Amino acid sequence: MDRLIGTGVALVTPFDEQQRIDRESLYRLVNYVIDGGVDFLVALGTTAETATLSADERAVVVHTILEANQGRLPVIAGIGGNNTAEVIRELQTATWLKACQGILSITPCYNKPTQRGLYEHFKAIAAASPLPLCLYNVPGRSGVNMEAATVAALSHDCPNIIAVKEASGRFDQATAILKSKRADFAALSGEDALLLPLMSLGFEGVISVIANVLPNDYACLVKSALQGDYPTARRIHLDRAELCKALFEEGNPAGIKAALHAAGTIRQNTLRLPLTPVSDALYNKIIGLLKLH
């Protein structure tokens, strides 16, 4: 895989009433988003509730996605953490990794490393990774922001770091990344609400939450923007803005799981503690907004 651009979906992990992985629902979801025209699949991201999954369960999730995908789209798997040596160990021992096409690795949480620490962390991971690596900067969750200069340095110094999922919400930082990154290094939006504004700057796609439930719409938005058809992209962005906002009102993935359950794609609206389903009021609001689309 040379470049990571277009519409990626950060797939949820469906659970049944007993909190077990619902492979049937996940299988159905994978086929649904592929039929919707997305470009790649992301397993074991934030939206997948990866922090609540055991190593064996992570393997089940990836194997299910690979089985449903049948080689149709690239699969990117999340492997990250705040112990660099442990991340490298998983890269070397996860047997399912060889069937994937790339790695998504989040900035370390809790430790609060310096920019030098972030650089050395990802440089070590890149050196150990058998697959291309996409950086994931989400300071709202990790507690540390990977600055544009650090992203740029990694892009120039590590050829197999091919992209960044940028979710700082800062347009000055997004601009600085675009100005300083390696030419073939892709910048992807990590926030659905900011997708179109970031693509207008020069971002080349998204790793999306809302595309779980509206894959066709967001694949069309991204393709339109990449082709310079901003009137079409703008129409989709504005039409879906209220639903996009509602899906994050009580956190992710609670909102998107409510939407997928309401749409009948997953059988149960179940999350693992400490996460909980959305309130009845928000669930009904999401149903109403889905009916508009």
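Residue 75 in the UniProt record's numbering sits at position 75 of the sequence shown, and the numbers go up by one each step.
We put the CB at the ideal spot given by N, CA and C, even for glycine.
Only a predicted model underlies this, so the values are computations on that prediction, with no experimental measurement involved.
Problem set entry | DSSP bridge partner residues for Glu-166 (one or two, in chain order) | In the sequence shown, residue 166 corresponds to position 166, counting from 1. Its beta-bridge partners are Asn-137 and Ser-189.
Exercise. Ala-241 and Leu-4: beta carbons closer than 7 Å?
Worked result: For the purposes of this step, residue 241 is taken as residue 241 along the sequence shown, with counting starting at 1. For the purposes of this step, residue 4 is taken as residue 4 along the sequence shown, with counting starting at 1. Their beta carbons are not under 7 Å apart, which means Ala-241 does not touch Leu-4 by this criterion.
For this session: Could you pull the start and end residues of the beta strand (DSSP E) that Ala-211 belongs to?
Result: Locating residue 211 in the sequence shown gives position 211, counting from the first residue. According to the DSSP assignment, Ala-211 belongs to no beta strand (DSSP E), since it is labelled neither H nor E.
For this session: Would you decide whether Leu-135 is buried or exposed? Buried here means 16 or more other CB atoms lie within 10 Å of its CB.
Result: As a working note, residue 135 is residue 135 in the sequence shown. Of the other Cβ atoms in all chains shown, 16 or more fall within 10 Å of the Cβ of Leu-135; this residue is therefore buried.
Problem set entry | Distance, Leu-194 Cα to Gly-205 Cα | Taking the sequence shown and counting its residues from 1, one reaches residue 205 at position 205. Taking the sequence shown and counting its residues from 1, one reaches residue 194 at position 194. Rounded to whole angstroms, Gly-205 to Leu-194 spans 11 Å at the Cα level.
For this session: Would you be able to state if there are at least three C-beta pairs under 8 Å between the region 136 to 144 and the region 105 to 114?
Result: Touching, yes.
For this session: Could you please give me the residues that DSSP links to Phe-15 through a beta bridge?
Result: For this step, residue 15 is matched to residue 15 along the sequence shown. Partner(s): Ile-21.
For this session: Out of Met-146, Ile-103 and Leu-133, point me to the one whose CA is closest to Tyr-119's CA.
Result: Residue mapping note: residue 119 aligns to position 119 of the sequence shown, counting from 1. Of the listed residues, the one whose Cα sits closest to Tyr-119 is Met-146.
Exercise. Which partner residues of Val-75 appear in the DSSP bridge assignment?
Worked result: Taking the first residue of the sequence shown as position 1, residue 75 is located at position 75. For Val-75, the pairing in a beta bridge is given by DSSP as Leu-41.
For this session: Evaluate the contact criterion for the region 86 to 101 versus the region 146 to 157: three or more CB pairs, one atom per stretch, below 8 Å.
Result: Short answer: they don't touch.
Exercise. From Leu-275 to Phe-248, what does the alpha carbon distance come to, in whole angstroms?
Worked result: In the sequence shown, residue 275 corresponds to position 275, counting from 1. In the sequence shown, residue 248 corresponds to position 248, counting from 1. For the pair Leu-275 and Phe-248, the Cα-to-Cα distance works out to about 13 Å.
Problem set entry | Nearest-angstrom Cβ-Cβ length linking Gln-101 and Leu-131, presumed shorter than 8 Å | In the sequence shown, counting from the first residue as 1, residue 101 sits at position 101. In the sequence shown, counting from the first residue as 1, residue 131 sits at position 131. Confirmed, Cβ separation roughly 7 Å.
Exercise. Taking three-plus beta-carbon pairs below 8 Å as touching, is the region 32 to 44 in contact with the region 64 to 78?
Worked result: In this structure the region 32 to 44 lies against the region 64 to 78, because at least three pairs of beta carbons, one per stretch, are closer than 8 Å.
For this session: Flag Phe-185 as yes if its beta-carbon sits less than 7 Å from any beta-carbon of chain D, otherwise no.
Result: Looking for chain D here will not work: only one protein chain is present.
For this session: Starting from Ile-106, follow the beta strand (DSSP E) in both directions and report where the run begins and ends.
Result: Residue numbering aside, residue 106 sits at position 106 when the sequence shown is read from its first letter. Unbroken beta strand (DSSP E) run through Ile-106: 102 to 106.
Exercise. Do you know offhand how far Ala-211's Cα is from Val-33's?
Worked result: Looking up residue 211 in the sequence shown gives position 211. Looking up residue 33 in the sequence shown gives position 33. So the two alpha carbons sit approximately 7 Å from each other.
Problem set entry | Nearest candidate by alpha-carbon position, reference Ala-262, set Phe-203, Asn-216 and Ile-286 | As a position in the sequence shown, residue 262 is number 262, starting the count at 1. The closest CA to that of Ala-262, considering only Phe-203, Asn-216 and Ile-286, is found on Ile-286.
Exercise. Within 10 angstroms of its Cβ, does Asn-252 collect 16 or more other Cβ (buried), or is it exposed?
Worked result: Working through the sequence shown from its first residue, we reach residue 252 at position 252. Asn-252 is buried by the Cβ-count criterion.
Exercise. How is Val-9 classed by DSSP in three states: helix, strand or coil?
Worked result: In the sequence shown, the residue the question calls residue 9 occupies position 9. When secondary structure is reduced to three states using DSSP, Val-9 falls in the strand class.
Exercise. I think Val-209 touches Gly-6, with their Cβ atoms under 8 Å apart; what is that distance to the nearest whole Å?
Worked result: Position 209 of the sequence shown, counted from the first residue, corresponds to residue 209. Position 6 of the sequence shown, counted from the first residue, corresponds to residue 6. About 16 Å; that fails the 8 Å criterion.
Exercise. Just reading off the alpha helix (DSSP H) that Lys-291 is part of, what are its end residues?
Worked result: Your numbering for residue 291 matches position 291 in the sequence shown. 280 to 291 is the extent of the alpha helix (DSSP H) around Lys-291.
Exercise. If you draw a straight line from the alpha carbon of Ser-189 to that of Ala-183, how long is it in whole angstroms?
Worked result: Counting from 1 along the sequence shown, the entry for residue 189 is found at position 189. Counting from 1 along the sequence shown, the entry for residue 183 is found at position 183. Cα to Cα, Ser-189 sits roughly 17 Å from Ala-183.
For this session: Report the residue from Tyr-27, Thr-52 and Asp-35 whose alpha carbon sits nearest the alpha carbon of Val-62.
Result: As a position in the sequence shown, residue 62 is number 62, starting the count at 1. Distance check between Val-62 and each of Tyr-27, Thr-52 and Asp-35 places Tyr-27 closest, using alpha-carbon atoms only.
Problem set entry | DSSP bridge partner residues for Val-206 (one or two, in chain order) | For the purposes of this step, residue 206 is identified with residue 206 of the sequence shown, where counting begins at 1. Per DSSP, Thr-7 and Ser-189.
Exercise. According to the neighbour-count rule (16 or more other Cβ atoms, all chains shown, within 10 Å of its Cβ), is Phe-15 buried or exposed?
Worked result: Locating residue 15 in the sequence shown gives position 15, counting from the first residue. The residue is buried, with at least 16 neighbouring Cβ atoms inside 10 Å.
Exercise. Quick one: what does DSSP say Ile-161 is sitting in, helix, strand or coil?
Worked result: Taking the sequence shown and counting its residues from 1, one reaches residue 161 at position 161. Residue state, collapsed to three classes: strand.
For this session: Quick one: give me the first and last residue of the alpha helix (DSSP H) that Met-199 is part of.
Result: For the purposes of this step, residue 199 is identified with residue 199 of the sequence shown, where counting begins at 1. Bounds of the alpha helix (DSSP H) holding Met-199 are 195 to 201.
For this session: Give the DSSP-derived three-state secondary structure of Cys-220 in the structure shown.
Result: Taking the first residue of the sequence shown as position 1, residue 220 is located at position 220. Three-state result, Cys-220: helix.
Exercise. Using the rule of at least 16 other Cβ atoms within 10 Å of the residue's Cβ for burial, across every protein chain shown, is Thr-114 buried or exposed?
Worked result: By one-based count along the sequence shown, residue 114 stands at place 114. Thr-114 counts as exposed, since fewer than 16 other beta carbons sit within 10 angstroms of its beta carbon.
Problem set entry | Three-state secondary structure (DSSP) of Thr-95 | In the sequence shown, the residue the question calls residue 95 occupies position 95. Reduced to three states, the DSSP call for Thr-95 is helix.
For this session: Just tell me which of Val-60, Ile-207, Ser-142 and Tyr-218 has its CA closest to the CA of His-237.
Result: One-based indexing of the sequence shown puts residue 237 at position 237. Of the candidates Val-60, Ile-207, Ser-142 and Tyr-218, the one whose C-alpha sits nearest the C-alpha of His-237 is Tyr-218.
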